[in-house]
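Here is the structure we will look at.
2 protein chains.
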Amino acid sequence: MENFRFDVATDIRFGKDRWDELPEVLNQFGKNILLVYGGGSIKKNGVYQNIMSRLQEHDFNVTELSGVEPNPRIETVRKGIALCHENQIDVILPVGGGSTIDCAKVIGAGVFYEGDPWDLVIKKANVGKVLPLVTVLTLAATGSEMNRGAVISNPKTNQKLGLGGWEMLPKVSFLDPTTTFTVPKNQTAAGSADIFSHLTENYFKRTAGTDIQDFVAEGIFRTVIKNCPIALKYPDDYDARANLMWASTLALNGLTGSGKTGAWSCHPIEHELSAFYDITHGVGLAILTPRWMNYALNEETEEKFAQFARNVWGIQESVNHLAAKEGIQKTYDYFKACGIPMTLPEVGIDETKFSLMAEQAVKHSQIATDAYVPLDEQAVEKILRECLTESNYL
Amino acid sequence: MENFRFDVATDIRFGKDRWDELPEVLNQFGKNILLVYGGGSIKKNGVYQNIMSRLQEHDFNVTELSGVEPNPRIETVRKGIALCHENQIDVILPVGGGSTIDCAKVIGAGVFYEGDPWDLVIKKANVGKVLPLVTVLTLAATGSEMNRGAVISNPKTNQKLGLGGWEMLPKVSFLDPTTTFTVPKNQTAAGSADIFSHLTENYFKRTAGTDIQDFVAEGIFRTVIKNCPIALKYPDDYDARANLMWASTLALNGLTGSGKTGAWSCHPIEHELSAFYDITHGVGLAILTPRWMNYALNEETEEKFAQFARNVWGIQESVNHLAAKEGIQKTYDYFKACGIPMTLPEVGIDETKFSLMAEQAVKHSQIATDAYVPLDEQAVEKILRECLTESNYL
Numbered sequence: 001m002e003n004f005r006f007d008v009a010t011d012i013r014f015g016k017d018r019w020d021e022l023p024e025v026l027n028q029f030g031k032n033i034l035l036v037y038g039g040g041s042i043k044k045n046g047v048y049q050n051i052m053s054r055l056q057e058h059d060f061n062v063t064e065l066s067g068v069e070p071n072p073r074i075e076t077v078r079k080g081i082a083l084c085h086e087n088q089i090d091v092i093l094p095v096g097g098g099s100t101i102d103c104a105k106v107i108g109a110g111v112f113y114e115g116d117p118w119d120l121v122i123k124k125a126n127v128g129k130v131l132p133l134v135t136v137l138t139l140a141a142t143g144s145e146m147n148r149g150a151v152i153s154n155p156k157t158n159q160k161l162g163l164g165g166w167e168m169l170p171k172v173s174f175l176d177p178t179t180t181f182t183v184p185k186n187q188t189a190a191g192s193a194d195i196f197s198h199l200t201e202n203y204f205k206r207t208a209g210t211d212i213q214d215f216v217a218e219g220i221f222r223t224v225i226k227n228c229p230i231a232l233k234y235p236d237d238y239d240a241r242a243n244l245m246w247a248s249t250l251a252l253n254g255l256t257g258s259g260k261t262g263a264w265s266c267h268p269i270e271h272e273l274s275a276f277y278d279i280t281h282g283v284g285l286a287i288l289t290p291r292w293m294n295y296a297l298n299e300e301t302e303e304k305f306a307q308f309a310r311n312v313w314g315i316q317e318s319v320n321h322l323a324a325k326e327g328i329q330k331t332y333d334y335f336k337a338c339g340i341p342m343t344l345p346e347v348g349i350d351e352t353k354f355s356l357m358a359e360q361a362v363k364h365s366q367i368a369t370d371a372y373v374p375l376d377e378q379a380v381e382k383i384l385r386e387c388l389t390e391s392n393y394l
Numbered sequence: 395m396e397n398f399r400f401d402v403a404t405d406i407r408f409g410k411d412r413w414d415e416l417p418e419v420l421n422q423f424g425k426n427i428l429l430v431y432g433g434g435s436i437k438k439n440g441v442y443q444n445i446m447s448r449l450q451e452h453d454f455n456v457t458e459l460s461g462v463e464p465n466p467r468i469e470t471v472r473k474g475i476a477l478c479h480e481n482q483i484d485v486i487l488p489v490g491g492g493s494t495i496d497c498a499k500v501i502g503a504g505v506f507y508e509g510d511p512w513d514l515v516i517k518k519a520n521v522g523k524v525l526p527l528v529t530v531l532t533l534a535a536t537g538s539e540m541n542r543g544a545v546i547s548n549p550k551t552n553q554k555l556g557l558g559g560w561e562m563l564p565k566v567s568f569l570d571p572t573t574t575f576t577v578p579k580n581q582t583a584a585g586s587a588d589i590f591s592h593l594t595e596n597y598f599k600r601t602a603g604t605d606i607q608d609f610v611a612e613g614i615f616r617t618v619i620k621n622c623p624i625a626l627k628y629p630d631d632y633d634a635r636a637n638l639m640w641a642s643t644l645a646l647n648g649l650t651g652s653g654k655t656g657a658w659s660c661h662p663i664e665h666e667l668s669a670f671y672d673i674t675h676g677v678g679l680a681i682l683t684p685r686w687m688n689y690a691l692n693e694e695t696e697e698k699f700a701q702f703a704r705n706v707w708g709i710q711e712s713v714n715h716l717a718a719k720e721g722i723q724k725t726y727d728y729f730k731a732c733g734i735p736m737t738l739p740e741v742g743i744d745e746t747k748f749s750l751m752a753e754q755a756v757k758h759s760q761i762a763t764d765a766y767v768p769l770d771e772q773a774v775e776k777i778l779r780e781c782l783t784e785s786n787y788l
C-alpha cells in the first residue's frame, strides 16, 4: 500500500425532507448565491421550488445560471464567472448531477484567477482559492459531490479534460434520494455505469497489498449491480435510489483509490469519445469497459480479474483465466441488461476518428506509461475497434 | 435506509516516514502541547524519540502525561485537565491506541467544563468545546482516531461508559503502520477482534435497505480476517499492518453505521466485564461475539446471519439456518486461531458477578429495547453463562 492523505471534509446531509437545513448551511458563507443548474429537470420534479422557497423566505439574493450542458462547456464556466463578479457571489449552489457540480467548481476557481479559466483546465495555471460550494445532488453518478475533481469540455478544440484543486471540495452536499426518482431509465443506467467505472479504474491498479481498498470496492460494485436494476424497474424505490446515491459518492471520494497509484484507463478514452461526439459519459464508459478488460487480461493480470469475477459477480470457476472471462462477460451482459447501447455505432460513432481519438487519449493522459496495462495508440485503437460490434468473451 | 449526516473531517496522514509533517500540523493550533501516552511502549519502539526530536527542533513546549491505562480512568483525565490549565495547552497530542486517544478526547472536553469531568461521562453535562486533537495511532483497534466517541472507566464505581461530542473528532491523525510492528501478538489479535466487533455491531441492525453499508462492512470484515493472521505470523509485514490499521479507522468512522439505527449489543456487555475485571476490551468482545450471535439467531434473523456467513466467510451452504451456524462457528474458530482466550474463566472471570453485570449492562444502555435482538437481564446472563466453557455451534 502507498502512503496517502485522506481529508475529505464535505459535510454530507443524506436523506429526505432536509430542505429546511439549506438556509442555515448557506448562511455560513453569505447571502449572495449563484444557483447553477442544467436543462430544467429540477423545475419539473419540484427541487427548484423546494430550494427557491427557502432562499426567498430567508432573504438570499439569488442569481441563476441555467442550461449547464451534460458535458459542461468552458463558455458556460466563463458566463458563470462573469455572473459571480457582477453579483458579488458568496457561495455557489449547483443543483444537479456531476456536470452541474463540475461546472460550478471551475466557476468557483475561475473567480479567483485573472486569466481565462481554460488555463486552469489545461493546467497552464493552478487552481488556488475557490468560492465555497454547497451542492444538491440529483443524479447518482460522478461522485463530484464529495471530491476535488471536475471535467470540462471545449467543443471548439474537441477537448474534454479533467482538473483538480484542493479547495474545489464541496463544503456541504445534500444527497436526497427522492430527487432521483424522476431520473429517466437511460440516465439511471448511465450513471450506474459511471459509478461502476470509477470502481473499475481504482480496482485495477498495480499497487500491491491493498485488500481494504479492493474489498470495499467489491462491496460497492455489488451495491450497484443489485440496486440499479431495481431502480430501473421501480424508479421510486427509495432504498435502491439511496444505495445508488451513496455508492456514487463512496466510489470516488478517495475510499477506493487512496493508497494506490497509477493512471486510469477507460476514462481518458471515453473523454475523447465525448469530446468528439458529445455522447453520454456513462454510456461511453459502459461500451469501453468490457473491451478494455478483455484487452488487459493476460497472464500477469488474470489473478486480479479472477478476483473481480469471484468477489463481485460470485463466479465459482476455479481456473483464473476462465473465471476472468466469465467476469468480463457478466459485466458486458449487465450493462446490456440495463438497456445501455453496447456498441459505438448505436450511439452514432464510426471508425472515422478512431486514430485521431487514440492519439489524443494518449496525449491527454498517462495511459501509455502508468495504466494498469499500458495503452499506446495502437492499443486504444484496437479497443475502439472492438466496440464496433457486439462482443462475446466465453 | 435512515437519514444521516456524514461529516468526518479528520485529516488522515497515512503511511510511513511522515514524522516531518508533524510540526507544521501542530503549528496550526499553537506551541503548547500536551503529549499523552500509555505505558511507555512508544519509548521502546522509537516513536517517542521520532516525535520529540521534531517538537524540540521546532520549539514546542511539551508537557507530558504518561501512564494512561488500557481502560483509561477518570483520575487520569482529571490529571490531564489540570496539566492543560497549568500549562496553557493549545493542542493535545495522544500517541498510542484507542485508550490514549479516548483519554485525550475527554481531557480536551474537560478543559472547557467547569465541573468534574465524570459529569460528561455520565451525561450529567454535554460535551461542548474541545481542545484540538492531533493523534498518532500506534494500535489498530478502536477507530477513535477518526470518530467523535470515547470510553472512560471509573474503578471506584465499577463503571466503564461511552460518551461522544461533535468537537471530539481529531483534527489530524497520523496512521503509520510501522508503529504497530512491535505490537505483541495478543494485542494485535485483541485489536483485530475490536475491529471485527465494531463491524458486527453495525452490521446486525434492524434498518432495511442498507446494502452499501453492509457490503462495505463485509469487505472490511474480510480484510481483518485475511490480514490479522499474517500480522501475527509476520509482525513487520507492512501491508498486513496497513490493512489492519485502515480497517480499524473505516470500521468506526461512520461508514458502516451511518443510515442505520439501533443499539449495539456486545459492547455494553463487554464494558461491564472490563469495568468489574479490567480485562482487555478486544478479548472480552471476542469471547462474547459468537455467544451473542448464537443467542440472536432465530427465524427472523437467520437470513442476515446467513448473508454474513456467505459474504464474509465464503460459506456455500444454501440453507440459511445451517449457513448461519457455520458462520458463527467460523467466527469462534477464527478468534481462537488468533490465540485469544475464548472463555471467561481463562481471563479470570467466574459467574459470581454475572447477575450484577447483566443488571448494569441493561441499565447503562438501550439493549433491552433497541438492540438487534432485545436483551434483558436474563438474556445477558444467559450469554455470559455460555462464555464459561468452550462452544460448538455445528
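Just so you know, the protein sequences line up as chains R and B, in that order.
Heads up: the first sequence begins at 1 in our numbering, then just goes up one per residue.
Heads up: the second sequence begins at 395 in our numbering, then just goes up one per residue.
C-beta: ideal position from N, C-alpha, C; glycine also.
All of these numbers come straight from a predicted model, not from anything done at the bench.
R:Asp278, enclosing beta strand (DSSP E) - first and last residue: Position 278 of the first sequence, counted from the first residue, corresponds to residue 278 of chain R. Per DSSP, R:Asp278 belongs to no beta strand (DSSP E) and is neither H nor E.
Label R:Trp166 either buried or exposed according to how many other C-beta atoms from any shown protein chain fall within 10 Å of its C-beta, with 16 as the threshold for buried. Walking along the first sequence from the start, residue 166 of chain R turns up at place 166. By the 10 Å Cβ count, R:Trp166 comes out exposed.
Which runs of the alpha helix (DSSP H) at least 4 residues long sit entirely within the segment 449-484 of chain B? Give them in chain order. Entirely contained in the segment 449-484 of chain B, the alpha helix (DSSP H) runs reaching 4 residues are, in chain order, 468-480.
Specify the secondary structure class of B:Arg685 as computed by DSSP and reduced to three states. For the purposes of this step, residue 685 of chain B is identified with residue 291 of the second sequence, where counting begins at 1. In the structure shown, B:Arg685 sits in a helix (DSSP, three-state: H, G or I).
Helix, strand or coil at R:Gly110 [DSSP, three-state]: Looking up residue 110 of chain R in the first sequence gives position 110. In the structure shown, R:Gly110 sits in a helix (DSSP, three-state: H, G or I).
For a contact defined as C-beta to C-beta under 9 Å, what are the partners of R:Trp166 on chain B? Position 166 of the first sequence, counted from the first residue, corresponds to residue 166 of chain R. Neighbours of R:Trp166 across chain B, judged by C-beta separation under 9 Å, do not exist; the nearest C-beta is about 11 Å away.
Which same chain residues end up closer than 7 Å to B:Asp588 when comparing Cβ atoms and leaving out the 5 residues on each side of it in sequence? In the second sequence, counting from the first residue as 1, residue 588 of chain B sits at position 194. So the list reads Ala535, Thr536, His675, Gly676 and Leu679, once near-sequence residues are dropped.
Tell me which residues share the same chain as B:Leu782 and place their Cβ nearer than 7 Å to its Cβ, disregarding the 5 neighbours each side in the sequence. Counting from 1 along the second sequence, the entry for residue 782 of chain B is found at position 388. These residues qualify, in order along the chain: Thr737, Leu738, Pro739 and Glu745.
Output the distance between the C-alpha atoms of B:Asn621 and R:Gly46, rounded to the nearest integer angstrom. Against the second sequence, residue 621 of chain B aligns to sequence position 227. Against the first sequence, residue 46 of chain R aligns to sequence position 46. When rounded, the distance between both Cα atoms is 49 Å.
According to a CB-to-CB cut-off of less than 9 Å, which residues of the segment 9-24 of chain R neighbour chain C? Looking for chain C here will not work: the only protein chains present are R and B.
Quick one: grab the DSSP three-state call for B:Lys554. The residue labelled residue 554 of chain B in the question sits at position 160 within the second sequence. Secondary structure of B:Lys554 (DSSP, three-state): strand.
Around the Cβ of B:Asn786, are there at least 16 other Cβ atoms within 10 angstroms (buried) or fewer (exposed)? Along the second sequence, read from residue 1 onward, the residue named residue 786 of chain B stands at position 392. When all chains shown are included, B:Asn786 counts as exposed.
Please decide whether B:Ile495 counts as near chain R, where near means a Cβ-Cβ distance under 8 Å. Indexing the second sequence from 1 puts residue 495 of chain B at position 101. Using a Cβ-Cβ cut-off of 8 Å, B:Ile495 does not count as an interface residue toward chain R, since no Cβ of chain R sits closer than that to its own.
Once the 5 residues before and after B:His758 are set aside, which same chain residues still bring their CB inside 8 Å of it? Residue numbering aside, residue 758 of chain B sits at position 364 when the second sequence is read from its first letter. Correct list, in chain order: Gln553, Leu555, Pro662, His665 and Glu666.
Going by beta-carbon coordinates alone, are R:Ala368 and R:Leu384 separated by less than 8 Å? The count along the first sequence starts at 1 and reaches residue 368 of chain R at position 368. The count along the first sequence starts at 1 and reaches residue 384 of chain R at position 384. Contact: no.
Given a limit of 9 Å on CB to CB distance, which residues of the segment 590-614 of chain B reach chain R? For chain R, the residues of the segment 590-614 of chain B that bring a beta carbon within less than 9 Å of one of its beta carbons are Ala602, Gly603, Thr604, Asp605, Ile606, Gln607, Asp608, Phe609, Val610, Ala611, Glu612, Gly613 and Ile614, in chain order.
Which residues in the same chain as R:Asn32 place their Cβ atom closer than 8 Å to its Cβ, once the five residues preceding and following it in sequence are excluded? Counting from 1 along the first sequence, the entry for residue 32 of chain R is found at position 32. Cβ neighbours of R:Asn32 beyond the five flanking positions: Phe60, Asn61, Thr63, Asn87, Gln88, Ile89, Asp90 and Val91.
Do B:Tyr728 and B:Ile619 count as a contact pair if the criterion is CB distance below 8 Å? Locating residue 619 of chain B in the second sequence gives position 225, where the first residue counts as 1. Locating residue 728 of chain B in the second sequence gives position 334, where the first residue counts as 1. Yes, the pair counts as a contact, with Cβ atoms nearer than the cut-off.
Comparing alpha-carbon positions, which option in R:Ala263, R:His198, R:Val106 and R:Pro229 lies nearest R:Lys123? Mapped onto the first sequence, residue 123 of chain R falls at position 123. Between R:Lys123 and the set R:Ala263, R:His198, R:Val106 and R:Pro229, the nearest pair of CA atoms involves R:Val106.
Along chain R, which residues have their Cβ under 9 Å away from the Cβ of B:Leu644? Residue 644 of chain B sits at position 250 when you count from the first residue of the second sequence. Those within 9 Å of B:Leu644 in chain R are Ile212, Val216 and Leu255.
For R:Ala141, which three-state DSSP category applies? Position 141 of the first sequence, counted from the start, is the residue given in the question as residue 141 of chain R. Three-state DSSP puts R:Ala141 in coil, outside helix and strand.
For B:Lys438, count the other beta carbons within 10 Å of its own beta carbon; 16 or more makes it buried, fewer makes it exposed. Which is it? Start at 1 with the first residue of the second sequence, and residue 438 of chain B comes out as number 44. Looking at its Cβ environment, which holds fewer than 16 other Cβ atoms inside 10 Å, B:Lys438 is exposed.
Report yes if the CB atom of B:Val528 is closer than 8 Å to the CB atom of B:Leu477, and no otherwise. By 1-based counting over the second sequence, the position of residue 528 of chain B is 134. By 1-based counting over the second sequence, the position of residue 477 of chain B is 83. No, these two residues do not count as a Cβ contact at 8 Å.
Could you name the residues of chain R that B:Trp640 contacts, counting a contact when the two beta carbons are closer than 7 Å? The residue labelled residue 640 of chain B in the question sits at position 246 within the second sequence. Against chain R, the beta carbon of B:Trp640 has neighbours under 7 Å at Ile212, listed in chain order.
For R:His58, count neighbouring Cβ atoms within 10 angstroms of its own Cβ and tell me buried if that reaches 16, exposed if not. Looking up residue 58 of chain R in the first sequence gives position 58. By the 10 Å Cβ count, R:His58 comes out exposed.
So, using beta-carbon positions, are R:Gly108 and R:Val130 closer together than 8 Å? For the purposes of this step, residue 108 of chain R is identified with residue 108 of the first sequence, where counting begins at 1. For the purposes of this step, residue 130 of chain R is identified with residue 130 of the first sequence, where counting begins at 1. Yes, Cβ-Cβ distance for R:Gly108 and R:Val130 is below 8 Å.
Rounded to the nearest angstrom, what separates B:Pro466 and B:Lys599 at their Cα positions? Within the second sequence, residue 466 of chain B is the residue found at index 72, counting from 1. Within the second sequence, residue 599 of chain B is the residue found at index 205, counting from 1. Going by the C-alpha atoms only, they are around 29 Å apart.
Taking just the CA atoms, how far does B:Leu429 sit from B:Gly491? Taking the first residue of the second sequence as 1, we reach residue 491 of chain B at position 97. Taking the first residue of the second sequence as 1, we reach residue 429 of chain B at position 35. Roughly 14 Å between the two C-alpha positions.
So, does the segment 238-255 of chain R touch the segment 172-191 of chain R, judging by three or more C-beta pairs under 8 Å? A contact exists between the segment 238-255 of chain R and the segment 172-191 of chain R.
Nearest CA to the CA of R:Asn215: which residue from B:His592, B:Leu644 and B:Ala584? Taking the first residue of the first sequence as 1, we reach residue 215 of chain R at position 215. Just to set this straight, residue 215 of chain R is Phe in the shown sequence, not Asn. Checked all of B:His592, B:Leu644 and B:Ala584; the closest Cα to R:Phe215 is B:Leu644.
Three-state secondary structure (DSSP) of R:Ile212: For the purposes of this step, residue 212 of chain R is taken as residue 212 along the first sequence, with counting starting at 1. For R:Ile212, the secondary structure class from DSSP, reduced to helix, strand or coil, is helix.
Looking at chain B, which residues of the segment 333-344 of chain R have a Cβ within less than 9 Å of any of its Cβ atoms? Residues of the segment 333-344 of chain R that bring their beta carbon within less than 9 Å of a beta carbon in chain B are absent altogether.
Of all the options B:Gln772, B:Leu459 and B:Ile436, which has the alpha carbon lying nearest to the alpha carbon of B:Tyr689? Position 295 of the second sequence, counting from 1, holds the residue named residue 689 of chain B. With distances taken between CA atoms, B:Tyr689 lies nearest to B:Gln772 out of B:Gln772, B:Leu459 and B:Ile436.
Inter-residue spacing [alpha-carbon to alpha-carbon] between B:Lys776 and B:Ala634: As a working mapping, residue 776 of chain B is identified with position 382 in the second sequence. As a working mapping, residue 634 of chain B is identified with position 240 in the second sequence. B:Ala634 has its alpha-carbon roughly 37 Å from the corresponding atom of B:Lys776.
B:Met395 versus chain R: which residues are under 9 Å apart at the beta carbon? For the purposes of this step, residue 395 of chain B is identified with residue 1 of the second sequence, where counting begins at 1. Result: Phe14, Gly15, Pro177, Tyr238, Asp239, Ala242, Asn243 and Trp246.
From R:Leu232, R:Leu252, R:Pro170 and R:Glu302, pick the residue whose C-alpha is nearest to that of R:Lys185; which is it? Position 185 of the first sequence, counted from the first residue, corresponds to residue 185 of chain R. Checked all of R:Leu232, R:Leu252, R:Pro170 and R:Glu302; the closest Cα to R:Lys185 is R:Leu232.
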